[in-house]
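Have a look at the structure below before the remarks.
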Amino acid sequence: MARRTTTTHAVVSTGAAWLVGLIIFFPILWMILASFKTELEAFATPPSFLFFEWTTENYGIVQERSDYMHHAMNSLTIAGGSVLIAMLFAIPAAYAMAFAPTERTRGTLLWMLSTKMMPPVGVLVPIYLVFRDLGLLDTRTGLIIVLCLGNLPIVIWMLFTYFKEIPKDILEAARMDGATILKELAFVLTPMAVPGIASTLLLNFILAWNEAFWTLNLSTSNAAPLTVFIASYSSPEGLFWAKLSAASTLAIAPILILGWFSQKQLVRGLTFGAVK
Amino acid sequence: MGSITLDGVRKTFGSVNVIPNVNLEIDDGSFVVFVGPSGCGKSTLLRLIAGLEDISDGRILIDGRDVTNVPPAKRGLSMVFQSYALYPHMSVRGNIGFGLKMAGLPKAEIDRKVEGAASILNLTPYLDRKPRELSGGQRQRVAIGRAIVREPEGFLFDEPLSNLDAALRVNMRLEIAKLQKDLATTAVYVTHDQVEAMTMADKIVVLNAGNVEQYGTPLELYERPANLFVAGFIGSPRMNFIGGRIASAHGAATIGIRPEHLRVAREEGGQGEGWSGVISVAEHLGSDTFLYVDAGEAGTLTARVIGELGLNEGGRVTLKPDPAHIHRFDQTGKAIRP
Amino acid sequence: MSTRQTRVLGRVLTAPSVGLLFVWMIVPLAMTIYFSTLRYNLLNPGTEDFIGLENYVYFLTDPAFLASLRNTLVLVGSVLLITVVLGTGVALLIDQPIFGRNIVRLLVIAPFFVMPTVSALVWKNLLMHPVSGLFAWIATSLGLRPIDWFAEMPLFSIILIVSWQWLPFASLILLTALQSLDEEQKEAAEMDGAKAFSTFFYITLPHLARPITVVILIETIFLLTVFAEIFVTTGGGPGLQTTNIAFLIYSQALIQYDVGGASAGGLVAVVLANIVAMFLVRMVGKNLET
């Protein structure tokens, strides 16, 4: 930005931008504040903004309830497992489509994308029944399978767009240098693609962590990740706002931090490369 | 030990016939340049030789061995890419030594060979830098280093100089030519720049739409172009072509005269054949002057004059062709030889 | 780069993914189609009969379908309008030369990373609660009557929450697009005497047309199936006021256990989504050189 700007312009737009930013962020901030209040204060009118007795007891209670850790572990296992498995399938596929395209590659890619567009409700019934019959309801395995398949198209697409940016020449040079396919993948492609692979992992981990259709419908307690655990606070008689806030803060904090790191890739990943 | 033979090589992409049928014999130790306009198939032909693409039909022999189905690395060739294709995450040392490492050479030997290649190419001070820390010319040298260190039977160059600026290009041209002579290794070099082709090649292959239009030494191509295409492609400024009545008088459909074979006279008429006209543009280069002359029936002719004649736009001149250097072509464009 | 070897290799490497996705797409879809022609209720097992298109007739003529279709369209349309308009504004604002742009961008993008159940409950309890919510306090302080959001304007409440979740997405994509706008183009317009206003209309907005389309299409795909936000706040009510198609099908399947009816509804949802998907796939495909 080497454009001339007046100081007034800069001050006004800085003020406006910060105001807008804070308004958008406010619900999260408010939730974090509430998590440090007592239940009574969290519910009090008029609300207290900063001058309340700060307490971490909610976090203590949430941590003590072993089921919070249980659900957090479920989230970690399900999101992590589904993404890692998707990567195992996606890396070879994206490699092949980026570097050895055939006449059908384009069609295959678009078809994969279209599977992502099928609304989950369209297949809720059969998936539910199949899972019931196979004993996969409320199991982490079941959720890993569903989320892995659900995210596979995005994983392949993201990797594909990253791999496409690696010049073919370099892989051909490696081939002229006598590298076999495996050595080419290990010594040339992977080191060059590490940033792309990492951000694909990150974004899809976030998507899987926050997924709230299949997790709500296919799990109840044993395999329930944090999305489902938090939803259990929705019962009308539950007025545990401070604890809800503490549990929510814990549930979103790691993702918020990961997400902030991956915001550039987010645009690319979610628009399938249509906006960079 | 490094002759390359193309025997009836054909390449189709889908229904497009990129290389209809090429037969070519590249002698051991010679420097052969493929030249032609963009899209003529010269790069494809090089990649077929490299093994980066399959041929649809025919055979490729290197040193008498049929390598048609041999993977690229086992053909004993190395390649310098237009983009250099250096491995960005490896140092110069790693880049040059990668092929040797893949071949499983012991580390000490790799180091020795890499350092040898680096000293030939003046890269010794840069051995531990990454490609992004090098200038364009240095990257080019690394790419060449990677090619020579494997002591291949042949080098393949795919427009290696097109990303360099003009001064550097002349420099590298000389260096590559000298290096190839020193190593006495067969080289196949692709370019669209006919100056590169003329200055570097032992033999030139002029390609057009996947066909070999002519294969010969630079001077053969210049003095005895086989057809209109070669005549028009080789030589700068371009050869003048004249058709119609004037050509018929020479017993040809078209005649061609290079700009340097037109004598420029200020006076009208005089002895022998000549076309008078008005100078529309005069380009003064100091050492030469190029005149573009509207010469009536003969069309617009380009003439090249050594030095300065003090001629300018609007001046009237007569252009007299050197009879010994009139090229004649028949209806199909083929050269008519006496 | 294609030799016989690389092509064969390519097929081998792609096959597992293609196979998995094919099974994932075709098998459940085929089952949905099959179930949709049956009278099939999980509460009365063993009474499945083939009834042709009766489930469709029933589903499409059910007043609940029309209500939920209307709710779906209002929800999708409103959220799109809000996020695109506000998102353009936010993107333009952050694109200005401001101090601390990176921090502002972090604040703006944050809601996107909040899981749907959390954002729905935080809004419902901490902000929109008619007695103890922050909005109620603001209203009372201003001497107004606090709004009982989920009772008085339930659908709008959902729209508000979902818009908050998707505003970051629109803002971030439009900001990315803005930053790729050639600075020289704007300078050329300035040299041509264009004022800020006309620069926006003649240079910036046309440049944003494509990213805006992308935002609309992608958001539509996700918004058509908004579920968790309704599930944890209103449960589709009061009445059918916040039931969208996704929620309707869910309640038919897993509350009323009407497998046949839910399957017919599911297929209707698939058809609706495919209409949007067709546009998006075409758009992305145009951008794709392989």
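Protein chains in written order, with the working numbering: chain A, 24 to 299; chain B, 1442 to 1779; chain C, 8 to 297. Just so it is clear, CB atoms sit at the ideal spot from N, CA and C, and this is done for glycine as well. Quick caveat, the model's predicted, so the values are computed rather than measured.
Local Cβ density within 10 Å of residue i, reported as buried at 16 or more and exposed below that
i	result
residue 112/C	buried
residue 1779/B	exposed
residue 209/C	exposed
residue 1591/B	buried
residue 25/A	Residue confidence for residue 25/A is low, a pLDDT of 44 falling below 50, so the modelled location carries little weight and cannot support an answer.
residue 1734/B	buried
residue 1722/B	exposed
residue 77/A	exposed
residue 236/C	buried
residue 286/A	buried
residue 1506/B	exposed
residue 174/A	buried
residue 1707/B	exposed
residue 1681/B	buried
residue 128/C	buried
residue 29/A	exposed
residue 198/C	exposed
residue 1510/B	exposed
residue 1454/B	exposed
Reference residue i, options the options, closest by Cα
i	options	result
residue 103/C	68/C, 256/C, 34/C, 203/C	203/C
residue 61/A	83/A, 45/A, 43/A	83/A
residue 170/A	224/A, 230/A, 111/A	230/A
residue 1638/B	1483/B, 1538/B, 1747/B, 1745/B	1483/B
residue 212/C	226/C, 193/C, 227/C	193/C
residue 35/C	143/A, 277/A, 43/A, 193/A	143/A
residue 267/C	13/C, 51/C, 171/C, 18/C	51/C
residue 184/A	75/A, 288/A, 174/A	288/A
residue 15/A	44/A, 201/A, 267/A, 226/A	No answer is possible for residue 15/A: the residues shown for chain A start at 24 and end at 299.
residue 88/A	66/A, 270/A, 217/A, 44/A	270/A
residue 182/C	109/C, 287/C, 57/C, 162/C	109/C
residue 140/C	72/A, 196/A, 205/A	72/A
residue 132/A	180/A, 119/A, 105/A	180/A
residue 268/A	64/A, 218/A, 120/A	64/A
residue 1630/B	1777/B, 1618/B, 1726/B	1618/B
Beta-carbon proximity list for residue i, same chain, < 8 Å, skipping 5 on both sides
i	result
residue 1647/B	1476, 1477, 1653, 1654, 1655, 1656, 1662, 1670, 1671, 1674, 1675
residue 1491/B	1513, 1516, 1518, 1520, 1597
residue 1569/B	1532, 1533, 1534
residue 1556/B	1565, 1568
residue 1522/B	1584, 1599, 1601
Residues of its chain near residue i, where Cβ-Cβ distance is below 7 Å and the 5 sequence neighbours each way are ignored
i	result
residue 179/C	116
residue 154/A	160, 165, 241
residue 125/A	none
residue 1562/B	1582, 1585, 1586
Own chain residues within Cβ distance below 6 Å of residue i, not counting five before or after
i	result
residue 185/C	98, 102
residue 297/C	Confidence at residue 297/C is low in this model, with a pLDDT of 46, below 50, so the placement of that residue should be treated as unreliable; the coordinate-derived value is given next. Closer than 6 Å at Cβ, skipping near neighbours: no residue.
residue 1488/B	1494
Give the residues from the stretch 106 to 129 of chain A that approach chain B closer than 8 Å (Cβ to any Cβ), ordered along the chain.
-> 126
Counting Cβ pairs, one atom from each stretch, are 3 or more of them under 8 Å apart for the stretch 1576 to 1590 of chain B and the stretch 1501 to 1508 of chain B?
-> no
Would you check if there are 3 or more beta carbon pairs closer than 8 Å linking the stretch 1702 to 1722 of chain B to the stretch 28 to 44 of chain C?
-> no
With 7 Å as the limit, tell me which residues of the stretch 193 to 214 of chain C have their beta carbon closer than that to any beta carbon of chain A; keep them in chain order.
-> none
Would you list, in chain order, the members of the stretch 57 to 78 of chain A that have their beta-carbon closer than 7 Å to a beta-carbon of chain B?
-> none
Taking any Cβ of chain A, which residues in the stretch 257 to 280 of chain C have a Cβ under 7 Å from it, in chain order?
-> 257, 260, 261, 266, 269, 270, 273, 274, 276, 277, 280
The stretch 217 to 239 of chain C: positions lying closer than 7 Å to chain A by Cβ | 218, 221, 225, 228, 231, 232, 234, 235, 238, 239
Of all the residues that make up the stretch 69 to 101 of chain C, which are near chain A by a beta-carbon distance shorter than 7 Å?
-> 97, 100, 101
Touching or not, the stretch 13 to 26 of chain C and the stretch 236 to 243 of chain C, by the rule of three or more beta carbon pairs under 8 Å?
-> no
Spell out a yes or no on whether the stretch 1756 to 1764 of chain B and the stretch 86 to 96 of chain A are touching, meaning 3 or more CB-CB pairs, one atom from each, closer than 8 Å.
-> no
Chain A contacts made by the stretch 147 to 177 of chain C, where a contact means CB separation under 8 Å = 147, 148, 171, 174, 175, 176
Residues, ordered as in the chain, of the stretch 1456 to 1481 of chain B that lie near chain A by beta-carbon distance below 8 Å = none
Determine, using beta-carbon pairs with one atom in the stretch 160 to 174 of chain C and one in the stretch 271 to 285 of chain A, whether at least three such pairs fall under 8 Å.
-> no
Just by C-beta distance, which residues in the stretch 1527 to 1555 of chain B are closer than 8 Å to chain A?
-> 1527, 1528, 1529, 1530, 1539, 1540, 1543, 1544
Name the residues in the stretch 1729 to 1750 of chain B whose C-beta lies less than 9 Å from a C-beta of chain A; which are they?
-> none
Counting pairs of beta carbons, one from the stretch 1535 to 1548 of chain B and one from the stretch 195 to 212 of chain A, are three or more of them closer than 8 Å?
-> yes
In the stretch 38 to 59 of chain A, which residues sit with their C-beta less than 8 Å from some C-beta in chain C, listed in chain order?
-> 39, 40, 41, 43, 44, 45, 47, 48, 50, 51, 53, 54, 57
Which of the residues in the stretch 171 to 193 of chain A, read from start to end, lie with their CB under 7 Å from any CB of chain B?
-> 190, 192, 193
Chain C contacts from the stretch 82 to 106 of chain A (Cβ-Cβ distance under 7 Å) = none
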